[in-house]
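Single-structure report; data block below.
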Amino acid sequence: MFTKALKQSMGLAVVMAALAGCSSTSTTDPVTSTTDSSAATSSAADTSSVNSSTDMAQNLDTVFYFDFDQSVLKPEARAALVAHAANLKASPRSVRLEGHADERGTREYNMALGERRAKAVRDFLVLQGVNSSNLETISYGEERLESSSDHSLNRRVEMK
Amino acid sequence: MGATRSFMGISSRANARLLTLVPKLICVLLFLSSSARAELTIEITQGVDNPTTIAVSPIAWSGAPLPENLNAIIEADLQRSGQFRSIPKADMLSFPKSEADVFYRDWRMLGTEFLLTGQMEQTLDGAYQLTFELYDIVSQAKILRERVDGSASQLRDMAHFVSDTVYELITGIRGAFSTKIIYVEAFGSERFKLMLADADGAREKTLLTSKHPIMSPAWSPDGKSVAYVSFETGRPAIFRQEISTGQRQQLTNFKGLNGAPSWSPDGSKLALVLSKDGNPEIYVLDLATRQFTRITRHYAIDTEPNWTLDGKGVIFTSDRGGKPQIYQVTLASGRIERLTFEGDYNARPRLSPDGKSLVMVHRVNGIFHIAAQDIDTGMIRVLTETHLDESPSIAPNGAMLMYATKHRGKGILAAVSLDAGVKFRLPSQRGDVREPSWSPYF
């Protein structure tokens, strides 16, 4: 059983520990991110259609869900993303990660939450070896709700 | 106490700047299409305990039926303030047109405190002239006589001018009946519109239509422009649009968040949110030089900026303490101060025009309400009884605020007075409406 102090120091550690542990919601890398500064991301040949069918053949999830106020990846998401990472390393393509939040709370804060979630997925894929310049993160906050009645369906990242 | 006010020409007493702005705005309303029937309807859900009773005598007019019912507009304005109750026409013993027709005893018997009369005339060139008088029934005295002129398309504005004048004379508070609102209307996730309407919901018109989300509209302090977030380029970006011409400019194009534009009090800068440097931070954009200055430096989420009245600071939402709370940064020194300490979620701050209250979204027992915190004492008052409340916007007279909420599963606008004594709803007859931005005075 972790003590509170130990939990906090793990939470303050690098992104890898934050993702792997069960600590706070913050998964933001304090070191300046390099992915957002470059302009163009379309580098590799466009093999997106081939890879979608690979995803479908493997029946991989492309939507990942999150708990309330959390941007921590759930075990099933991590499992699917490991497989996605393997596909993306074998056949690189541009990937768009769209982050969302449920409608509770303020709209611009929820934009930031959606971005946190999209970045959590991105950072996990990068840790698995995927080239970060192929991964684009966009947040829609609560602007594109999947469900008006079930909050849990809205707290998601969609991989496209 | 004679005075003349004209929307078309020069007045003997009004502010020259106001007069030149108002005709331009009215020309705009003529040029852009507007629907004849208001889409936003008003449902008053609560008024003050002891409203002031006023009789609005039918305006005397002998011409063809007017295109607008000025009596109805004035009564609705005063009713919507929650501070007035009007005497039904059926109860009136007479319809006085001027002082000679006023029998104070009759009105005292009805419990009336004030009586408003009006006479409408039309000049040879088609302009309308409305002379109106206000009587204090208890003191048995005429306390106001004023005239307002306008064209046929300005009849609603003339009525609102009467409401503003009467409201201010009786309550001592400047009226906001001639102001406007901008809001977002959404049809599922497929169609979004940026809408402009009068503060009573009338004369709505579309400023922008898009297949992509529109967010965070903000009126400029001079009332001529609106800044907002649009996803039309595939990711969120901040745009500025001139209301009279529809001309648009894209102001930001960064990767990541581009959000929450907020105009400085002098209109020269926008505070906004960008996450281009790794996480959401507040930046200030100088609109003349197009230079961005970074204001916050913290790995937490910093968002939803709003300027202080003196333009020297910015209040904002941050979860640097673990949960969203409201902070203030002094621009010159960079000093950061936390403002909210009660409750586990305080966000989307707005300062009242008198600087005495901090209005925000405040979560209590898991429910999101609008609350006002007294700046001096720190005491919080929850203002709303609705749930899932967000996006408060305060009227320029500081008496009311409008916000977004849900009612029967639909997004609606609602309003509440800063003392929480008055409440009304503004549902749309079509889409979900949200994110109201109350105009400044024009």
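Read top to bottom, the protein sequences are chains B and X. Going by my numbering, the first sequence opens with residue 1, and the numbers climb by one from there. Going by my numbering, the second sequence opens with residue 1001, and the numbers climb by one from there. Glycine included, each C-beta is placed from N, C-alpha and C at the ideal position. Note that the coordinates shown come from a computational prediction; the quantities given were computed from them, not determined experimentally.
Item: Between the CA atoms of Ala-1176 of chain X and Glu-1169 of chain X - distance to the nearest angstrom; Value: Checking the sequence, you will find Leu at residue 1169 of chain X rather than Glu. Distance between the alpha carbons of Leu-1169 of chain X and Ala-1176 of chain X is about 13 Å.
Item: Bridge partners - Asn-1483 of chain X, DSSP secondary structure assignment; Value: This structure cannot speak to residue 1483 of chain X, because chain X is shown only from 1001 to 1442.
Item: Integer Cβ distance of Val-1138 of chain X from Glu-1113 of chain X, believed to fall under 8 Å; Value: 6 Å
Item: Contact between the region 1367 to 1375 of chain X and the region 124 to 143 of chain B (3+ Cβ pairs under 8 Å); Value: no
Item: Classification of Asp-1344 of chain X by the beta-carbon crowding that lies within 10 angstroms, buried from 16 upward; Value: exposed
Item: Interfacial residues, the region 85 to 117 of chain B to chain X, with Cβ spacing under 8 Å; Value: Glu-103, Arg-104, Gly-105, Thr-106, Arg-107, Glu-108, Tyr-109, Met-111, Ala-112, Leu-113, Glu-115, Arg-116
Item: Positions along the region 1243 to 1273 of chain X whose CB lies within less than 9 Å of some CB in chain B; Value: Phe-1254, Lys-1255, Gly-1256, Leu-1257, Gly-1259, Ala-1260, Val-1273
Item: Proximal residues, the region 127 to 145 of chain B versus chain X, C-beta separation under 9 Å; Value: Glu-136, Thr-137, Ile-138, Ser-139, Tyr-140, Gly-141, Glu-143, Arg-144, Leu-145
Item: is_contact[Phe-2 of chain B, chain X] using C-beta, thresh 8 Å; Value: Confidence is the limiting factor: at Phe-2 of chain B the pLDDT is only 41, short of 50, which leaves the residue's position unreliable, though a coordinate-based value still follows. Answer no: the Cβ-Cβ gap between Phe-2 of chain B and chain X never drops below 8 Å.
Item: Chain X within 8 Å of Ser-147 of chain B, Cβ atoms only; Value: no
Item: Residues of the region 1358 to 1374 of chain X with Cβ closer than 7 Å to any Cβ of chain B, in chain order; Value: Val-1361, Phe-1368
Item: Cβ of Gly-1334 of chain X within 8 Å of any chain B Cβ; Value: no
Item: First through last residue of the beta strand (DSSP E) which encompasses Asn-1346 of chain X; Value: 1346 to 1351
Item: Gly-1421 of chain X and Asp-1354 of chain X closer than 8 Å at C-beta; Value: no
Item: Under the three-state DSSP convention, the category Glu-1146 of chain X falls into; Value: strand
Item: Minimum length 3: unbroken beta strand (DSSP E) runs contained in the region 1339 to 1402 of chain X; Value: 1346 to 1351, 1357 to 1364, 1367 to 1374, 1380 to 1382, 1390 to 1394
Item: Simplified DSSP assignment, three categories, for Gly-1334 of chain X; Value: coil
Item: Residue interval of the alpha helix (DSSP H) (run including Asn-1071 of chain X); Value: 1070 to 1080
Item: For Val-95 of chain B, the residue or residues it bridges with in DSSP; Value: B:Leu-135
Item: Buried versus exposed, by CB contacts within 10 Å (16 or more), Thr-1245 of chain X; Value: exposed
Item: Beta carbon of Ser-71 of chain B nearer than 8 Å to that of Ala-120 of chain B; Value: yes
Item: Interface positions of the region 1185 to 1196 of chain X facing chain B (Cβ-Cβ less than 7 Å), listed along the chain; Value: Ser-1189
Item: First and last residue of the uninterrupted alpha helix (DSSP H) at Gly-114 of chain B; Value: 107 to 127
Item: Nearest residue (CA-CA) to Leu-135 of chain B, options B:Ser-147, B:Lys-160, B:Met-111; Value: B:Lys-160
Item: Beta-carbon contacts of Lys-171 of chain B that lie in its chain and below 8 Å, excluding the five residues immediately before and after; Value: Given that chain B is displayed from residue 1 to residue 160, the structure contains no residue 171 of chain B and the question cannot be resolved.
Item: Residues near Met-1379 of chain X by beta carbon distance below 8 Å, same chain, minus five either side; Value: Gln-1373
Item: Whether Pro-1213 of chain X touches Phe-1231 of chain X by CB criterion (8 Å); Value: yes
Item: Beta-carbon gap between Ser-1178 of chain X and Phe-1192 of chain X smaller than 8 Å; Value: no
Item: Helix, strand or coil at Thr-1405 of chain X [DSSP, three-state]; Value: strand
Item: Cβ pair Pro-1236 of chain X, Leu-1257 of chain X closer than 8 Å; Value: yes
Item: Per DSSP, the bridge partner or partners of Met-1092 of chain X; Value: The partner list for Met-1092 of chain X (beta bridge, DSSP) is empty, contrary to what the question assumes.
Item: Rounded straight-line distance, which links the Cα of Phe-1424 of chain X to that of Ala-1415 of chain X; Value: 5 Å
Item: Helix, strand or coil at His-204 of chain B [DSSP, three-state]; Value: Given a span of 1 to 160 for chain B in the structure shown, any question on residue 204 of chain B remains unanswerable.
Item: DSSP-derived helix/strand/coil call for Ala-1127 of chain X; Value: coil
Item: Status (buried if at least 16 other CB within 10 Å, exposed otherwise) for Gly-1118 of chain X; Value: buried
Item: Distance between Glu-1304 of chain X and Gly-114 of chain B (C-alpha atoms, nearest Å); Value: 15 Å
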